[in-house]
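Colleague: Counting with this note's numbering, you get residues 7 to 150 for the letters of the sequence shown.
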Amino acid sequence: MNNLTQLIDYGVIGVLGLMSVAAVAVAIERFRFFAKVEPDCYKTVQEYEAVLTRRLYIVATIGTNAPYVGLLGTVLGIMQTFYAMGLTGSADVTAIMTGLALALKATAAGLVTAIPAIVLYNILHRKVNELILMKEASLAGEKL
7 MNNLTQLIDY
17 GVIGVLGLMS
27 VAAVAVAIER
37 FRFFAKVEPD
47 CYKTVQEYEA
57 VLTRRLYIVA
67 TIGTNAPYVG
77 LLGTVLGIMQ
87 TFYAMGLTGS
97 ADVTAIMTGL
107 ALALKATAAG
117 LVTAIPAIVL
127 YNILHRKVNE
137 LILMKEASLA
147 GEKL
């Protein structure tokens with residue numbers, strides 16, 4: 007039973023850790039790309055937008071799904087707590103509360119992963135909008 011608890015803990019927390027690393031890695035790559043991108047290399051706004059928004063869906067997906075992964079870990083932890091109670095045949099309040107408290111750490115980890123990912127996505131999305139507006143303004147200036 008202890009192995010199952012460790013599998014749930016390390017599995018869920020490990021997945022959330024990988025999700026955090028992926029979100030930050032994509033965000034750093036996008037920030038670096040935005041700093042060196044040359045708008046004049048792209049003929050249309052649509053082409054420019056496609057390049058700017060590349061991989062942003064990864065950050066958004068991580069931000070929206072991390073709480074669910076954390077919740078899954080919490081549900082599995084609670085199930086494991088009730089299973090252990092059923093095996094012992096006792097309703098020890100200390101064991102129940104300890105098991106539930108430990109199960110909730112997965113939800114907390116999901117939120118710790120999701121909140122920065124959503125913030126990063128919003129910052130990146132805002133930067134994309136700014137760059138597109140600048141490209142549209144430069145194209146409008148050329149037409150005059």
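Idealized CB from N, CA, C, for every residue including glycine.
From a predicted model like this one, the values you see are computed outputs, not experimental measurements.
For V125 versus L58, is the C-beta distance shorter than 8 Å?
Modeller: Result no, Cβ atoms of V125 and L58 do not sit closer than 8 Å.
Colleague: CB-CB under 8 Å to A114, same chain, minus the five flanking residues each way: which ones, in chain order?
Modeller: Once the five neighbours on either side are set aside, the close Cβ partners of A114 are G76.
Colleague: In angstroms with no decimal places, state the Cα-to-Cα distance between D15 and A31.
Modeller: When rounded, the distance between both Cα atoms is 24 Å.
Colleague: At a cut-off of 7 Å, would you count G20 as near the ligand ZN, judging by its Cβ distance to the nearest heavy atom?
Modeller: Looking at this structure, you won't find the ligand ZN or any other ligand, since it has none at all.
Colleague: Use the C-beta contact count for I34: other C-beta atoms within 10 angstroms, 16 or more gives buried, fewer gives exposed.
Modeller: Under this definition I34 is an exposed residue.
Colleague: Could you tell me the boundaries of the alpha helix (DSSP H) in which A97 lies?
Modeller: First-last for A97: undefined, no H or E at that position.
Colleague: How big is the Cα-Cα spacing for R38 and L130?
Modeller: Those two C-alpha atoms are separated by around 11 Å.
Colleague: Take K141 as the anchor and find which of L78, Y48, K42, G20 has the nearest alpha-carbon.
Modeller: Minimum Cα distance to K141 is reached at Y48.
Colleague: Under the rule that 16 or more other beta-carbon atoms within 10 Å means buried, what is V99, buried or exposed?
Modeller: Exposed is the call here.
Colleague: Helix, strand or coil for Y16 per DSSP?
Modeller: Of the three classes helix, strand and coil, the one that applies to Y16 here is helix, per DSSP.
Colleague: So, helix, strand or coil for K49, using DSSP?
Modeller: Residue state, collapsed to three classes: coil.
Colleague: Under the assumption that T119 contacts L22 (Cβ atoms under 8 Å), give the Cβ distance between them as a whole number of angstroms.
Modeller: So it is a contact: roughly 5 Å between Cβ atoms.
Colleague: A29 to A101, Cα distance in whole Å?
Modeller: Roughly 36 Å between the two C-alpha positions.
Colleague: Determine the contact status of A112 and G79, defining contact as a CB-CB distance below 8 Å.
Modeller: Taking 8 Å as the Cβ cut-off, A112 and G79 qualify as a contacting pair.
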